[in-house]
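Asker: Position in the sequence shown (from 1) plus 68 gives the number in the numbering used here.
Here a beta-carbon is modelled for each residue, glycine too, at the ideal position from N, C-alpha and C.
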Amino acid sequence: MRADTFNNNIASVYSSLQKGDKVEASMLIEEILGDTFRQWRLTPDDETACELIAATCAYATVMTASQRFHDAYSACMTALAYTSKSTVDPSGMLALCLVTWQIFEKALQTSQPTENTAAKERVGEITSSLGTMLYHYYYATGHMNPEDAALADAYSALRVIMNLVEISPDMPDRTPLVAKILQASESIGLIQ
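1. Ordered along the chain, which non-local residues of its own chain (more than five positions away) have a Cβ less than 8 Å from that of Ala-143?
2. Jot down the residue ranges of each uninterrupted beta strand (DSSP E) in the region 127 to 171, minimum 3 residues, whole runs only, in chain order.
3. Runs of 4 residues minimum, wholly inside the region 180 to 207: which ones carry the alpha helix (DSSP H) assignment?
4. If you run the structure through DSSP and keep just helix, strand and coil, what is Glu-92?
5. Report the option in Trp-108, Cys-118, Asp-103, Ile-171 whose CA atom is closest to the CA atom of Thr-195.
6. Given Met-69, which residues of its chain have a CB within under 7 Å of its CB, disregarding the five upstream and five downstream residues?
7. Alpha helix (DSSP H) containing Asn-75: first to last residue?
8. Determine the direct distance from the alpha carbon of Phe-74 to that of Ser-83, and round the result to whole angstroms.
9. Could you give the first and the last residue of the continuous alpha helix (DSSP H) run that contains Val-14?
10. Quick check: the Cα distance between Ser-134 and Leu-96, rounded to an integer number of angstroms?
11. Roughly how many angstroms lie between the CA atoms of Glu-189 and Asp-157, to the nearest whole one?
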């Protein structure tokens with residue numbers, strides 16, 4: 069029952085956004101994300117991790133539609149950090165990595181942190197780490213569900229990323245990658 073209610077609530081957010089009602093979508097997702105974080109604190113299990121990822125993707129979509137890229141990026145970083153040791157559905161992680169990449173690109177365009185060499189290196193670290201995770205979850209999702217709608221967008225993102233940096237096809241544990249993304253993001257001011 070919990071999953072049905074959660075999924076219906078998330079669908080309501082996307083429905084409001086599709087209708088152009090950003091305020092309604094924002095109010096709904098703020099409440100859903102808050103409830104999901106409270107649930108996570110009480111029960112940090114794999115099911116709640118999957119819900120946290122889905123709620124974060126919806127939140128990031130709403131924030132992006134409202135041109136609030138840094139809020140969206142921060143939420144993605146929080147979800148990546150909180151769920152880094154959880155076993156989650158690859159398609160959920162694919163969606164989170166993809167939306168994070170899309171927001172990262174937009175956040176860079178609005179903040180221009182690549183003005184100096186150190187910032188360029190941090191941007192490269194983030195891009196490489198996100199690319200490695202995206203690559204892993206792209207293939208894991210493709211094996212589980214070759215018809216997943218996010219695969220085409222993920223493939224396009226991977227082509228861009230692989231033209232910019234090297235990624236590792238091996239990812240035994242995403243925790244070090246998440247830590248690297250968080251540290252680099254903080255050092256260039258994308259998160260606080």
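Answerer: The relevant details are as follows:
1. Hits under 8 Å: Leu-101, Thr-124, Tyr-127, Ala-128, Met-131.
2. Segments of the beta strand (DSSP E) lying fully in the region 127 to 171: there are none.
3. Taking only runs of at least 4 residues, no alpha helix (DSSP H) segment lies wholly in the region 180 to 207.
4. Looking at Glu-92 - three-state DSSP - the assignment turns out to be helix.
5. The option with the nearest alpha carbon to Thr-195 is Ile-171.
6. The predicted model places Met-69 with a pLDDT of 40, which falls under 50 and marks its position as unreliable, so this point remains unresolved.
7. Here the alpha helix (DSSP H) through Asn-75 covers 70 to 86.
8. When rounded, the distance between both Cα atoms is 14 Å.
9. Nothing about residue 14 can be reported from this structure: the residues present for the chain run from 69 to 260 only.
10. Whole-angstrom Cα-Cα distance: 14 Å.
11. So the alpha carbons of these two residues sit roughly 31 Å apart.
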